[in-house]
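Take a look at the structure set out below.
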Amino acid sequence: SMLLKYRHFDNKAVVACSGGPDPMALLDLLSKKKKVQSVLIVDHSTNVEFHEECVDTIHEFLKSRGLRIRLIKKKIWNSKPKTSSLEEFWRHERRRFYKEVLDEELNCNTLVTGHNLNDLVETWIISSFNGGSQLMPRKTILGDNILFKPLLHTPRENILEWCQKYEVPYVLDKTNLLEDSTFDRVKVRTKLLPAALDIYPGLNQMVRRRSLLTGD
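See the structure below:
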């Protein structure tokens, strides 16, 4: 089905966009609903070429749709302390960073990301192995601001279909697809999840139902 299971939020939002299919589909959907305040492009200062490709893709998309939406380009500089995991570090870092961006956007208090059902399931699996199954929240309060994930219950394949149908361009981060990746999440995505779905095809829907029950 082409439907992006989209959760509504009040007013307009800053869309955090990496140029990947999920945030680009979200940007397309929200711009059609006139709910985009501005687009935030985060530069993790790790892959210059990839970042430039993302910026070009977003520029081209906005131009092709005739959208006059402000782009905010910001770098995250901080280097990771020895004590925390890389994923954990970046998650906290991004939250702090998002709050900072929204504090500067005087007339907008919502930031949205393109996280989808696959991200929700991957997080649930990883956290289960670490001793406590966690559901990625759809809504996180950051002081006076809100971090919101409108596509959290939409499967990734629906998002890719949307991009194809509406000719939404995107860039793929090759490091997310490497079989020999050192990142736990990529290993779960490429190796563990396909095996888990083979044994238990209802896994995604079970996690989705549990998430909807939390009602955040």
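Note that the sequence shown ends on residue 222 in this note's numbering; no numbers are left out.
Backbone N, C-alpha and C define an ideal beta-carbon position, used for all residues, glycine too.
**Report entry** Proximity winner among ILE132, LEU166, LEU73, VAL177, relative to GLU94 (alpha-carbon distances)
**Finding:** ILE132
Query - TYR172 versus SER217 - alpha carbon distance - result: 29 Å
Query raised in the report: Below 7 Å between beta carbons: does that hold for VAL45 and VAL21?
Result: yes
Report task. Taking 8 Å as the threshold, find out whether the region 113 to 132 comes into contact with the region 12 to 26 through three or more Cβ pairs. Result -> yes
Query raised in the report: Just to confirm, are PHE103 and ILE75 a CB contact at a threshold of 7 Å?
Result: no
Query - Proximity winner among ASP190, ASN53, TRP168, THR129, relative to PRO143 (alpha-carbon distances) - result: THR129
Requested in this report: Report the partner residues of ASP49 according to the DSSP bridge assignment.
Outcome: LYS81
Query raised in the report: At what residues does the beta strand (DSSP E) containing VAL192 begin and finish?
Result: From DSSP, VAL192 is part of no beta strand (DSSP E) but of the alpha helix (DSSP H) over 190 to 193.
Query raised in the report: Going by DSSP, what residues sit across from VAL3 in a beta bridge?
Result: Only positions 7 to 222 of the chain appear in this structure, which leaves residue 3 out of reach.
Report task. Can you give me the Cβ contacts of LEU223 inside the same chain, cut-off strictly under 8 Å, excluding the 5 residues immediately before and after it? Result -> With the chain covering only 7 through 222, there is no way to say anything about residue 223.
**Report entry** Length of the line joining the Cα atoms of SER70 and HIS121
**Finding:** 25 Å
Query raised in the report: Is there contact here, the region 25 to 44 with the region 56 to 67, by at least three beta-carbon pairs under 8 Å?
Result: yes
**Report entry** Per-residue DSSP class, three states only, for ASN124
**Finding:** helix
Requested in this report: Taking all protein chains shown into account, decide if PHE135 is buried (16 or more other Cβ within 10 angstroms of its Cβ) or exposed.
Outcome: exposed
**Report entry** DSSP three-state assignment for LEU1, whether helix, strand or coil
**Finding:** The question about residue 1 has no answer, for the chain in this structure spans 7 to 222.
Query raised in the report: Mapping DSSP to helix, strand and coil, what is LYS39?
Result: coil
Requested in this report: With a cut-off of 8 Å on the beta carbons, I'd call HIS159 and ARG214 a contact; round off their distance for me.
Outcome: 5 Å
Query raised in the report: Taking Cβ positions, are LEU10 and LEU35 nearer each other than 7 Å?
Result: yes
Query raised in the report: In angstroms, rounded to a whole number, what distance separates the CA positions of GLU2 and HIS65?
Result: Examination of residue 2 is not possible in this model, given that the chain is present from 7 through 222 alone.
Query raised in the report: What whole-angstrom Cβ distance do LEU233 and LEU148 have, given they're in contact under 8 Å?
Result: The displayed coordinates of the chain run from 7 to 222. Any statement about residue 233 would go beyond what the structure contains.
Requested in this report: Use the C-beta contact count for ILE165: other C-beta atoms within 10 angstroms, 16 or more gives buried, fewer gives exposed.
Outcome: buried
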